[in-house]
Amino acid sequence: MKILIVEDEVGLREAIGSSLEKESYRIETASDFDTASEKIFLYEYDCILLDIMLPDGNGLELLAELKKQGKSENVIIISAKNTLDDKLKGLELGADDYLTKPFHLAELNARVKAVLRRNKLDGKEVVEWKNVRLDLNDRQLFVNNQEVQLNRKEFDILNYFLLNQQRLVTRVALAEYVWGDHMDQADNFDFIYSQIKNIRKKLKESAAEIEIETVYGLGYKLVRI
Numbered sequence: 001m002k003i004l005i006v007e008d009e010v011g012l013r014e015a016i017g018s019s020l021e022k023e024s025y026r027i028e029t030a031s032d033f034d035t036a037s038e039k040i041f042l043y044e045y046d047c048i049l050l051d052i053m054l055p056d057g058n059g060l061e062l063l064a065e066l067k068k069q070g071k072s073e074n075v076i077i078i079s080a081k082n083t084l085d086d087k088l089k090g091l092e093l094g095a096d097d098y099l100t101k102p103f104h105l106a107e108l109n110a111r112v113k114a115v116l117r118r119n120k121l122d123g124k125e126v127v128e129w130k131n132v133r134l135d136l137n138d139r140q141l142f143v144n145n146q147e148v149q150l151n152r153k154e155f156d157i158l159n160y161f162l163l164n165q166q167r168l169v170t171r172v173a174l175a176e177y178v179w180g181d182h183m184d185q186a187d188n189f190d191f192i193y194s195q196i197k198n199i200r201k202k203l204k205e206s207a208a209e210i211e212i213e214t215v216y217g218l219g220y221k222l223v224r225i
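In structure tokens, the structure reads:
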């Protein structure tokens, strides 16, 4: 997955890039309107994080041009402007989401995954892999068409793994996803270990054809058996 970050604030651009690289996304950046315009129309991206207020132009103009050209990139506007008019205009021009600064990086990561998931699922609210099916609307897990009971955290964690199947998921990324802005309340990763243990047991007992593999010293990976 390739993501373009269009942001003129150096510190924020680097922080976003570093956070998304930990999720194994390929990152490209642009700090001004002209550079962003050139990259957007020369290359294809899975998602564009677009600041509205750029030093040499308005990000909404880039969004309008994307729509005019019929390009299908997912776009999340990231802006310090928090007016209803700006949000409505951005969404009318085809933006998939609108995030107001300042924001927590975990929230941005979750928004990116959400728009990529919607694109990947083509509007469907079901994630399937091998003999496992996760119904996102009803929050139900099915293995071989038999329901397997999960608590809320187990469901969220398995959903995260299914959206990142066969990719390294670090403990920090998983903790951020589960706890979000309240991650600082977690003294350690014991709660992650406990949830992973429960999910593994339920997948094994239901004869699921996938499992959560430990990548020692780094985190976990959801793999096929």
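Residue numbers for the sequence shown, in the UniProt record's numbering: 1 to 225.
Don't be surprised by glycine CBs; every beta carbon is placed ideally from N, CA and C.
K101 and A114 do not touch by the CB rule: their CB atoms are close to 19 Å apart, not below 8 Å. Secondary structure note for Y220: it is in no alpha helix (DSSP H), and the uninterrupted beta strand (DSSP E) holding it is G219 to R224.
The beta carbon of D8 is closer than 6 Å to those of S31, L54 and P55 in its chain, skipping five residues each way along the sequence. Here R111 has I76, D97 and L99 as same chain residues with Cβ atoms under 8 Å from its own Cβ, once five neighbours each way along the sequence are excluded.
Ranked by Cα distance from K197, the options L150, G11 and Q166 are led by L150. The beta carbons of K67 and L93 sit closer together than 8 Å.
Cβ neighbours of L105 within its own chain (closer than 8 Å, five residues either side excluded): A15, I16, S19 and E176. Contact between E205 and R224 is ruled out by a C-beta separation of about 18 Å, above the 8 Å threshold. Under DSSP, A36 forms no beta bridge with any residue. Excluding sequence positions up to five before and after I192, its CB lies within less than 7 Å of the CB of R171, L174 and A175, all in the same chain and listed in chain order. With fewer than 16 other Cβ atoms from the protein chains shown falling within 10 Å of its own Cβ, E125 counts as exposed. DSSP places I196 in the uninterrupted alpha helix (DSSP H) bounded by D190 to E205.
A distance below 7 Å between beta-carbons, with the five flanking residues on each side excluded, links L63 to the following residues of its chain, in chain order: L50, V75, G90, L93, G94 and A95.
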